[in-house]
């Protein structure tokens, strides 16, 4: 860290506040248990031993929005659910993130034309950080999406203008 | 019993409300517009007398249709002035099945509920009611089962138009 380095005694590390806070945040993104359709099966597979989302610190699926940082919208969103999603998202403490997983959550998917109760994309209800393509996406794709979100968090700052206002 | 046997028995017992049957047939080679008729044979029943019909075929010892597999509806086309209400019955005693079709006018889709005969019909009728706008008179719990309570329109009707927005969420 530039001129501060080797100014102190041993066992003292210097870093930037932003970097440290971002590192804390991105290393423990606790997702909310929020499976709506078949994408939830892939999300469960990601949570299990073979793919193991815990490697990225995001394995603690919380059953309450008050303890969660990330909402993975895994599945088809209909109008009846959309209002609940909005309410749950509002209940999450900031900084909070949302991933739209799969074709349905991204843009209505196969229900785009004739799905009379399907919301054509969850971004009409809540702000979305990362969209994951696939129907349903492979577990690797969800992990890739999580890493993209981590990259995004890495770029945020508490002093400078934040990357996205929640 | 096969369909012929069941139909003969229904005629012999003078089942209430039965107006005839709708059987599969070959295409007429001389009429080019004729597509023939595929699928299962149906018994046509007057909608107003469907509960009485279901009760009669349930109590009859030769037929004994104890179980209602399904009660559903269909909107065949925009030109058709009728909705179809389709009922599938199964006899566990005799191991035979029966399909019933009721032609219900779209202008006034009202029919009595079948819940007193088969309690299974409760949810099925609720679904038909919200999807096709059919009113089942005397239904014990006529709420929506799948759609939101304040939903407007019957989505599975052929002439259904999508709403512009629902509670501020745009639908198109």
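Residue numbers (the working numbering), protein chains in the order written: chain A, 22 to 187; chain B, 281 to 452. Ideal Cβ positions, reconstructed from N, Cα and C, are used throughout, including at glycine.
Interface flag, residue i vs chain A, CB-CB below 7 Å
{"i": "residue 449/B", "result": "yes"}
{"i": "residue 412/B", "result": "no"}
{"i": "residue 446/B", "result": "yes"}
{"i": "residue 428/B", "result": "yes"}
{"i": "residue 441/B", "result": "no"}
{"i": "residue 432/B", "result": "no"}
Per-residue DSSP class, three states only, for residue i
{"i": "residue 416/B", "result": "strand"}
{"i": "residue 79/A", "result": "coil"}
{"i": "residue 403/B", "result": "helix"}
{"i": "residue 57/A", "result": "coil"}
{"i": "residue 178/A", "result": "coil"}
{"i": "residue 377/B", "result": "strand"}
{"i": "residue 323/B", "result": "strand"}
{"i": "residue 439/B", "result": "coil"}
{"i": "residue 372/B", "result": "coil"}
{"i": "residue 187/A", "result": "Low per-residue confidence applies at residue 187/A: pLDDT is 48, beneath 50, and the placement is therefore not dependable enough to give any value."}
{"i": "residue 37/A", "result": "coil"}
{"i": "residue 305/B", "result": "strand"}
{"i": "residue 64/A", "result": "helix"}
{"i": "residue 453/B", "result": "Shown here, chain B extends from 281 to 452; a query on residue 453/B therefore has no answer."}
{"i": "residue 427/B", "result": "coil"}
{"i": "residue 283/B", "result": "helix"}
{"i": "residue 86/A", "result": "helix"}
{"i": "residue 29/A", "result": "coil"}
Residue-chain proximity (residue i, chain B), Cβ-Cβ < 7 Å
{"i": "residue 124/A", "result": "no"}
{"i": "residue 133/A", "result": "no"}
{"i": "residue 100/A", "result": "yes"}
{"i": "residue 108/A", "result": "no"}
{"i": "residue 61/A", "result": "no"}
{"i": "residue 162/A", "result": "no"}
{"i": "residue 145/A", "result": "yes"}
{"i": "residue 140/A", "result": "yes"}
{"i": "residue 118/A", "result": "no"}
{"i": "residue 103/A", "result": "yes"}
{"i": "residue 152/A", "result": "no"}
{"i": "residue 187/A", "result": "Low local confidence applies: a pLDDT of 48 at residue 187/A is under 50, so the model's placement there is unreliable, with the coordinate-based value given in what follows. Not an interface residue."}
Contact test: residue i Cβ vs the ligand NAD heavy atom, cutoff 6 Å
{"i": "residue 38/A", "result": "No copy of the ligand NAD occurs in the structure displayed, which carries no ligand at all."}
Beta-bridge partners of residue i, as assigned by DSSP
{"i": "residue 364/B", "result": "354/B, 383/B"}
{"i": "residue 408/B", "result": "Residue 408/B is not bridged to any residue."}
{"i": "residue 391/B", "result": "416/B"}
{"i": "residue 445/B", "result": "450/B"}
{"i": "residue 49/A", "result": "Residue 49/A is not bridged to any residue."}
{"i": "residue 455/B", "result": "In the structure as shown, chain B starts at 281 and stops at 452, and residue 455/B therefore has no counterpart that could be examined."}
{"i": "residue 300/B", "result": "324/B"}
{"i": "residue 93/A", "result": "120/A"}
{"i": "residue 348/B", "result": "369/B"}
Any C-beta of chain E under 7 Å from that of residue i
{"i": "residue 435/B", "result": "No chain E is part of this structure, whose protein chains are labelled A and B."}
Ordered list of beta strand (DSSP E) runs contained in the region 96-173 of chain A, each at least 3 residues: For the region 96-173 of chain A, whole beta strand (DSSP E) runs of length 3 or above, ordered along the chain, are 118-122, 151-153.
Do the region 52-64 of chain A and the region 88-102 of chain A make contact, defined as three or more Cβ pairs closer than 8 Å? yes
Flag this pair as touching only if the region 319-329 of chain B and the region 282-296 of chain B have three or more C-beta atom pairs under 8 Å; answer yes or no. yes
Within the chosen definition, does the region 398-407 of chain B reach the region 345-354 of chain B through at least 3 CB pairs nearer than 8 Å? yes
If we count Cβ pairs, one from each stretch, closer than 8 Å, do we get three or more for the region 285-294 of chain B versus the region 144-159 of chain A? no
Taking contact to mean 3 or more Cβ pairs, one atom from each stretch, closer than 8 Å, check whether the region 387-406 of chain B and the region 331-349 of chain B are in contact. Contact between the region 387-406 of chain B and the region 331-349 of chain B is present, because at least three Cβ pairs lie under 8 Å.
Between the region 137-146 of chain A and the region 167-175 of chain A, do three or more beta carbon pairs fall short of 8 Å? no
Meets three-Cβ-pair contact criterion under 8 Å: the region 64-82 of chain A and the region 26-43 of chain A: no
contact_flag[the region 305-312 of chain B, the region 372-388 of chain B] where n(CB pairs < 8 Å) is 3 or more: no
Taking three-plus beta-carbon pairs below 8 Å as touching, is the region 60-70 of chain A in contact with the region 99-111 of chain A? The answer is no - the region 99-111 of chain A does not touch the region 60-70 of chain A, with fewer than three Cβ pairs under 8 Å.
Would you call the region 117-126 of chain A and the region 416-432 of chain B in contact, with 3 or more CB pairs under 8 Å? no
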